[in-house]
Structure formats: structure tokens, C-alpha cells
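Here's the structure we're looking at; comments come further down.
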DNA sequence: GGGGAGCGTG
DNA sequence: CACGCTCCCC
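Chains as they are written, first to last, in this note's numbering: chain A, 47 to 310; chain B, 47 to 310.
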């Protein structure tokens, strides 16, 4: 038996919006402690992780661990039927074949109920070990989204270079090249004027080439978090983390592209 | 070697927005005294002039005169990557094959660099003699833009009639006719309440028919100047001038349409 | 607070 | 391809 309630449907809507472009269907693992999702994208290049802790729900109950296979397209359609400030409750009985969603309007005067057929999903579970990253960038998620959008008009691939000085995003295409450097700033908390600081923690400088179309998908998580953390390590996927306040986080891993220069 | 800096990218953005619809690619002539551009539109009906004086830049250096052929679509894409209050510096070395643009955010914490491939552009240089205009209208550029937009919903062609009393813009189409008269006002400077005065200096009344779609393009320059000056003379192109404060101006010339009544 | 531009959806 | 929504700029 699963029952979980969120006071604002908008949160769940944004979460599903952020992953549904990458993943068609995914297993949601419900346990006492909360909900987890792990899914490769269709082309097996990007990995999405979602964790929502039980404390983040206004009501949470999960008698025994249960995995629900959900088509994200269908779920997204149903969530479009919820107003942003509806309360949303999801329910499933043990070995249920459907997920039940109930939306209640803020004024309690409208109650909507939807049932979503569950599916069996073969999951290629990938273990992602915790790594010691060589570089960690923290920046405004909105600025991240803006940079990705800007560079998409220049080329298909972005190079992310993290150094002690800051992080550089660069791309090139037929019309020319573009590069944006965000300087590392010591965070100044006493000055409330500091809006969108960027910080770079470096053990060793790292550089990676990534397909912008995936980053463009990741950037859809920007509405969920003020900041994004980019974790880089040589010869391993880059991790993008958006912390969802009070409830969890969403993480994307993207394998770097083989550098063309090394391709020869 | 060329180096020129503007404190506000928004100025350059607006300038390029104002000409890019008319001109796909254009030669920018850099000299010690500033930057000039002269370009016919695709259909060779409208002529665009741009002059930016060196004093208007926060930094200007041009060792020797140089002509840079620039694709305005590509340049516009790059300028979209600048925030409005970024500082923008453009650079080109002698006989360079690329134009370099550097944007620096107001907080200095973001520096973006773009390279734009230059191109060879055949230019049909037209000499436009200084003329004694029969009528000169000065009016609010915003009101000009509004009138053009309004009349576009009536017809394709506007007739501009300047008399001592004022200036009349009129159009007609299938649904009917429209006409807007702006009365000549003696400029009253002591009354600060006077918002958008129109003045008409007349030597001789003039009337011209012009294609509204071009005027609609010219009106894109309205954000650059509070006022527009319209200069009319019989049997010659109409000149629209937008003065860009402290730095120069942008002018459009448009050949009048042969009056249908005289076409018979 | 209103208008315009870019993006996603039907 | 057009409409509506959202973010950004004025």
C-alpha cells in the first residue's frame, strides 16, 4: 500500500517535465524512506536519477518496498489535468496494476481522480559509484539554462572547462565560435547584492565535451532549483545536480563525447 | 587593427535588429572617425545608412581603414547571447577573417567571447547627394511606429502628405480607408507636459506613396531614438532619420511608388 | 505592471 | 503552422 501526498502539484509537474524528454518509461521505487527513480535515456547516453525523501511529502506511507513501472508520457498527460496549486495524492495498493492520482483544488471544491496503468519495465540498472570529483561547479540554474540556449544557436557540442579561475562553456559552428567564462567568486553572504554567484571547487582542472541537446534537456530542471551543481571527473560521466528544496534532488549523468582531436 | 567598445550591448543589439530585416549581409566600413554602413535591401528598393562616430564609443581604435563583411543573421544570433547591460567590445586584426566580440557582464563575473566569420560582399555603392528637402517632418519615433503598424492593418501603401498644417498618413484597402493627421505644433519647451510634438517645416507641400512593409522595417529603429525625421522632396526617395544619441544616426531611403492614378 | 520574444504544445 | 505560456525587458 502506497499513499503519498504533495501540497503542490506544480512540483510533481516540473519533475516529470524535466525527465520525460529523456525517458519514455521508468521504474519508480517506493520504499519507507521515499521514492527513487533511475533511468537511461533512449540512446543510452544520459542517466537520470531522482530522489524524493518521505519527509518532503505532506503525507507519506509505504508499507513495503514496491516498484511501479510508469509511462512518463501518460503520467505527464494526467498531470496536465492538475492545476499548479492543486494538492496531489498518489496511491497504489500492493501488487496494483494501476496508479491512482487524486487532485484536490486549493478551495477543496474540485476533486479529480485519475488511474494510470502500470507497466513492467526491464531496467538496466547501472551502479554509479560515488566518486571524488576533480571539479565541482555551482552556479545559477537559470544562467545555466541561458548559456545552454545561447550556445545551441552556435553549435551542437559544448566544451566545459573547469579551472581554479572559473568555468568556461564553449561551442563552435558554421558561423563562428562562442565561449562564456563564469569567474569563480568567493561567496559573499553578507552582501545580499550578490545575485548569481558561481563557485568552482577544483582539485584538478577538467575539460569535457558534451552534446548540447542533452544539456538542453537537463536545463528543464532549472525551475526546480535555484542552483545547479556540475561535477566533473576525467574519463567519467559529468553529473548535473539540481537540489529540490526540502524533498530531494534530481541528477543527470552524461557521458562525455570522444574528443574529435583524439579521434584520429 | 580595430578595437571598439560600447558600454551597453543593448545599443548594438537594437541597431542590428533595425537593419537585419532589410539587409542579410553588409559591409561595415571602419575608419579613424568611426563606423559606416551602407546597404541596399534585397529587392533594391530601400537603402540603409548607419553612422557611428568614434566619440560615441567608450574605447575606439582603428589604425587603418578596413571593411568587414558581416552576415547580419549570424551577428544577431551572437548578440542574443549578450545581456542588455553587458559591455561589448568588437575586435578585428588587420586582414582578419573573423570578427571577435567580447561581452562582459555588469558584475564582471561573466566574460563571453564570440568569433564571427567575415565574408566578402559585393556592394553596389550608391551616392546619395545631400538634397534640399521640400518638407521635413519631425515626430515621435514611437508614434511613427504605431501609425505604421496601424495602417498596415488597412493596406499595403501609405500616402504621406506634408502641408503647413501638419502631416497626414493615409492608407486604403479592401476593408476601407484610414488616415491619421498629426498637426504641426510650435514646440513649447517651457511646458514639459508636451509629450510628442510634431513639427513640419515646409517649403512646398509634398505627397508621397510608400510601401508600408518597408516603413515597418524602418520603425524597428524607434527604440534607438525618441524622434524620427522624415524628409520629403518631389520625385526623389524619402529619407527617414533616427539620431542615436551621442554616437550617430541611422537613415533609411525609400523610393516612392509610382502613383497609381498617374499610371493610366 | 504591460509588452515582446522564445519555447513548447495541439 | 498557429496558439498559448513563461521569462525578460521596459
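The C-beta atom is built at its ideal place from N, Cα and C for all residues, glycine as well.
Mind checking residue 177 (chain B): buried by the 16 CB within 10 Å criterion, or exposed? exposed
With 7 Å as the threshold, decide whether the Cβ of residue 201 (chain A) is near any Cβ in chain B. no
To be precise: take each residue of the stretch 214 to 231 of chain A, compare its Cβ to all Cβ atoms of chain B, and keep it if any distance is under 7 Å. Which residues remain? 221, 222, 223, 224, 225, 226, 227, 228, 229, 231
Short CB-CB distance (under 7 Å) between residue 48 (chain B) and chain A: no
Should residue 130 (chain B) go down as buried or exposed, given a rule of 16 or more other Cβ atoms within 10 Å for buried? exposed
Any residues in the stretch 139 to 170 of chain B with a beta carbon nearer than 7 Å to a beta carbon of chain A? Which ones, in chain order? 144, 155, 156, 157, 158, 159, 160, 161, 162, 163
Might you give, ordered along the chain, the residues of its own chain that have their beta carbon closer than 8 Å to the beta carbon of residue 241 (chain B), omitting 5 neighbours on each side? For residue 241 (chain B), the predicted structure reports a pLDDT of 49, less than 50, and the residue's modelled location is therefore unreliable. The matter cannot be settled from this model.
Can you list the residues of chain B that residue 244 (chain A) reaches, using a CB-CB cut of under 9 Å? 155, 156
Alpha-carbon spacing of residue 198 (chain B) relative to residue 222 (chain B), whole angstroms: 12 Å
So, is residue 249 (chain B) buried or exposed, given that buried needs 16 or more other C-beta atoms within 10 angstroms? exposed
Which whole-angstrom value describes the C-beta separation of residue 160 (chain B) and residue 116 (chain B), a residue pair presumed to lie in contact below a C-beta threshold of 8 Å? Their Cβ separation, rounded to whole angstroms, is 12 Å, which puts residue 160 (chain B) and residue 116 (chain B) out of contact at 8 Å.
Residues from the stretch 175 to 206 of chain A in contact with chain B, defined by Cβ distance under 7 Å: 196, 199
Contacts that residue 126 (chain B) makes with chain A (C-beta to C-beta distance below 8 Å): 196, 199
In whole angstroms, give me the CA-to-CA distance for residue 48 (chain A) and residue 106 (chain A). 8 Å
Looking at the secondary structure, which residues open and close the beta strand (DSSP E) in which residue 74 (chain B) lies? 71 to 77
Distance, Cα to Cα, residue 239 (chain A) vs residue 229 (chain A)? Interpretation of residue 239 (chain A) is limited by its pLDDT of 47, a score under 50 that renders its predicted location unreliable; the figure taken from the coordinates is listed afterwards. Near 17 Å, if we compare the C-alpha coordinates of residue 229 (chain A) and residue 239 (chain A).
Name the residue from A:196, A:202, A:181 whose alpha carbon lies nearest to the alpha carbon of residue 212 (chain A). A:181
Straight-line gap, residue 257 (chain B) to residue 299 (chain B) (C-alpha atoms, nearest Å): 12 Å
Start and end of the alpha helix (DSSP H) containing residue 194 (chain B)? 187 to 198
Taking 6 Å as the cut-off, does the CB of residue 57 (chain A) come closer than this to any heavy atom belonging to the ligand HEM? Absent from the structure shown: the ligand HEM. Ligands present: none.
Consult DSSP for residue 118 (chain A) and reduce its assignment to one of helix, strand or coil. helix
Have a look at the DSSP bridge pairing and note the partners of residue 108 (chain A). A:48
Taking the alpha carbon of residue 246 (chain B) as the point to measure from, which residue in B:231, B:224, B:190 has its own alpha carbon closest? B:231
Quick check: the Cα distance between residue 62 (chain B) and residue 74 (chain B), rounded to an integer number of angstroms? 12 Å
Neighbourhood of residue 91 (chain B) by C-beta, 8 Å cutoff - its chain only, sequence neighbours within 5 removed: 257, 260, 300, 301
So what does residue 161 (chain B) bridge to, in DSSP terms? A:223, B:146
For residue 109 (chain A) and residue 143 (chain A), the rounded distance between their alpha carbons: 17 Å
Determine the direct distance from the alpha carbon of residue 151 (chain A) to that of residue 100 (chain A), and round the result to whole angstroms. 22 Å
Does residue 141 (chain B) come out as helix, strand or coil in the three-state DSSP assignment? coil
Does any residue of chain A have a CB that is nearer than 7 Å to the CB of residue 123 (chain B)? yes
Apart from the five residues on each side of it in sequence, which residues of its chain come closer than 8 Å, Cβ to Cβ, to residue 157 (chain A)? 148, 149, 150, 151
What did DSSP end up calling residue 102 (chain A) once you bin it into helix, strand or coil? helix
Can you find the residues in the same chain that come closer than 8 Å, C-beta to C-beta, to residue 172 (chain B), ignoring five residues on each side of it along the sequence? 84, 86, 93
Cα-Cα separation, residue 216 (chain B) to residue 169 (chain B): 35 Å
Report the three-state DSSP secondary structure of residue 241 (chain A) (helix, strand or coil). Low local confidence applies: a pLDDT of 46 at residue 241 (chain A) is under 50, so the model's placement there is unreliable, with the coordinate-based value given in what follows. The answer is coil: DSSP assigns residue 241 (chain A) none of H, G, I, E or B.
Can you give me the Cβ contacts of residue 97 (chain A) inside the same chain, cut-off strictly under 7 Å, excluding the 5 residues immediately before and after it? 80, 82, 294, 295
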